[in-house]
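Number of protein chains: 2
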Amino acid sequence: MTESRWLNREEMGTWRALVAMNNRLFARLDEELARAHSISLAEYEVLVQLSEAPGGALRMSDLAERALVSRSGLTRRLDGMVEAGLVCRQACPSDRRGTLAVLTERGREALEAAAPTHVAGVRRHLLDPLSPAQLEGLGEALRTVLARLEQDDPGK
Amino acid sequence: MTESRWLNREEMGTWRALVAMNNRLFARLDEELARAHSISLAEYEVLVQLSEAPGGALRMSDLAERALVSRSGLTRRLDGMVEAGLVCRQACPSDRRGTLAVLTERGREALEAAAPTHVAGVRRHLLDPLSPAQLEGLGEALRTVLARLEQDDPGK
DNA sequence: GCACAACTGTTGTGCTTACAACTATATTTC
DNA sequence: GAAATATAGTTGTAAGCACAACAGTTGTGC
Numbered sequence: 004m005t006e007s008r009w010l011n012r013e014e015m016g017t018w019r020a021l022v023a024m025n026n027r028l029f030a031r032l033d034e035e036l037a038r039a040h041s042i043s044l045a046e047y048e049v050l051v052q053l054s055e056a057p058g059g060a061l062r063m064s065d066l067a068e069r070a071l072v073s074r075s076g077l078t079r080r081l082d083g084m085v086e087a088g089l090v091c092r093q094a095c096p097s098d099r100r101g102t103l104a105v106l107t108e109r110g111r112e113a114l115e116a117a118a119p120t121h122v123a124g125v126r127r128h129l130l131d132p133l134s135p136a137q138l139e140g141l142g143e144a145l146r147t148v149l150a151r152l153e154q155d156d157p158g159k
Numbered sequence: 004m005t006e007s008r009w010l011n012r013e014e015m016g017t018w019r020a021l022v023a024m025n026n027r028l029f030a031r032l033d034e035e036l037a038r039a040h041s042i043s044l045a046e047y048e049v050l051v052q053l054s055e056a057p058g059g060a061l062r063m064s065d066l067a068e069r070a071l072v073s074r075s076g077l078t079r080r081l082d083g084m085v086e087a088g089l090v091c092r093q094a095c096p097s098d099r100r101g102t103l104a105v106l107t108e109r110g111r112e113a114l115e116a117a118a119p120t121h122v123a124g125v126r127r128h129l130l131d132p133l134s135p136a137q138l139e140g141l142g143e144a145l146r147t148v149l150a151r152l153e154q155d156d157p158g159k
């Protein structure tokens, strides 16, 4: 850090494009989901993670990690989803400290209803504008950067 | 949306890598800036925008747009930065409705002190892990997606 | 030149999130 | 097997943000 090379025009542009693209992309996807199905992108992610888990159930900590949210954040997020009937809490049979978040029938229906909207949004805003080569390059770059980030900070 | 093609493994992987990479990258950069210089990435962005403006000053609405934050959000963000002495507010001479956010000497020093940390973080976590070809591809893809997003929603 | 619309920045309010503290339970250590 | 330690989930609290409403100012149409 004592000797820091400045960002050139290309590098600065890439960084700013990342920031701006993120801002717009996630705002757009969230808005489309909220408008069409009255759920947030964050809630949608919870539904997806649960639907992919055996029995549609996950421990709170496990779900928090997969949904990229803090445990306390997940507690609050789930509160709303329980009230909406999308999920329910169950005592964990093998660990009495634990709580299972469980997808309800209504939650599964909500996911199946919302998924096409979400997928269409990801396609329209992210995948479709890119050529196959660009898309492959993007995926490769994202995975490379992510791998390095996870390697540098394995703790979380 | 009536006929929605599902995401294949590659597409799903790219989407999830984007989400995960974002989460980690911005958290990391924010944390490094907070630890080393006691400012947030959001505050840093305000300093950068002001430093690039003539006279180190911008109208609130203009600054909000550049910093990708709502006008009310910027009002609150600036409150803290004024209290920290990084910026000050001045009446706009040409429009009595307006307020100028102005970079102070202390703010410019803070920016110059923090910039190496930020640049080093962007390099280490985003740019360095990529080959020149990957980096060029990433930049191209990001700009393409961003351009489409802005085209679809020119209002903002 | 006056009524009306548009714009500027701030404020009230509510939502979402994270951190730290807390209770309850599980695991480890000796 | 008892004490110390670790873990699970929730809660208090605070920070950050957006939307809507507001007062003050500017622009427009006639």
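Chains as they are written, first to last, in this note's numbering: chain A, 4 to 159; chain B, 4 to 159.
Glycine included, each C-beta is placed from N, C-alpha and C at the ideal position.
Predicted, not measured: the structure shown is a model, and the values here were computed from it.
Does residue i come out as helix, strand or coil in the three-state DSSP assignment?
{"i": "Ala104 (chain B)", "result": "strand"}
{"i": "Arg27 (chain A)", "result": "helix"}
{"i": "Pro119 (chain A)", "result": "helix"}
{"i": "Gly16 (chain B)", "result": "helix"}
{"i": "Met4 (chain B)", "result": "Confidence at Met4 (chain B) is low in this model, with a pLDDT of 49, below 50, so its placement is unreliable and the value that follows should be read with caution. Three-state result, Met4 (chain B): coil."}
{"i": "Ala70 (chain B)", "result": "coil"}
{"i": "Glu48 (chain A)", "result": "helix"}
{"i": "Leu21 (chain A)", "result": "helix"}
{"i": "Leu133 (chain B)", "result": "coil"}
{"i": "Arg39 (chain A)", "result": "Before going on, a small fix: residue 39 (chain A) reads as Ala here, not Arg. Ala39 (chain A) falls in the helix class under three-state DSSP."}
{"i": "Lys159 (chain A)", "result": "Note on Lys159 (chain A): pLDDT 45, under 50, position unreliable in the model; the coordinate value appears next. Of the three classes helix, strand and coil, the one that applies to Lys159 (chain A) here is coil, per DSSP."}
{"i": "Arg99 (chain B)", "result": "coil"}
{"i": "Ala56 (chain B)", "result": "coil"}
{"i": "Gln154 (chain B)", "result": "helix"}
{"i": "Leu10 (chain A)", "result": "coil"}
{"i": "Val148 (chain A)", "result": "helix"}
{"i": "Leu141 (chain B)", "result": "helix"}
Taking C-beta to C-beta, are residue i and residue j nearer than 8 angstroms?
{"i": "His128 (chain A)", "j": "Arg31 (chain A)", "result": "yes"}
{"i": "Val49 (chain B)", "j": "Arg80 (chain B)", "result": "yes"}
{"i": "Leu89 (chain B)", "j": "Leu61 (chain B)", "result": "no"}
{"i": "Leu106 (chain A)", "j": "Ser54 (chain A)", "result": "yes"}
{"i": "Leu152 (chain B)", "j": "Arg19 (chain A)", "result": "no"}
{"i": "Ala123 (chain B)", "j": "Ser7 (chain A)", "result": "yes"}
{"i": "Gln52 (chain A)", "j": "Ala23 (chain A)", "result": "no"}
{"i": "Glu14 (chain B)", "j": "Leu145 (chain A)", "result": "no"}
{"i": "Arg111 (chain A)", "j": "Gly58 (chain A)", "result": "no"}
{"i": "His40 (chain A)", "j": "Ala117 (chain A)", "result": "yes"}
Which residues share a DSSP beta bridge with residue i?
{"i": "Cys91 (chain A)", "result": "A:Val105"}
{"i": "Leu61 (chain B)", "result": "B:Ala104"}
For the putative contact between residue i and residue j, defined by C-beta atoms under 8 angstroms, what is the C-beta separation to the nearest angstrom?
{"i": "Leu141 (chain A)", "j": "Thr17 (chain B)", "result": "6 angstroms"}
{"i": "Thr147 (chain B)", "j": "Leu133 (chain A)", "result": "6 angstroms"}
{"i": "Glu35 (chain B)", "j": "Gln137 (chain A)", "result": "Rounded, the Cβ-Cβ distance is 30 angstroms, inconsistent with contact."}
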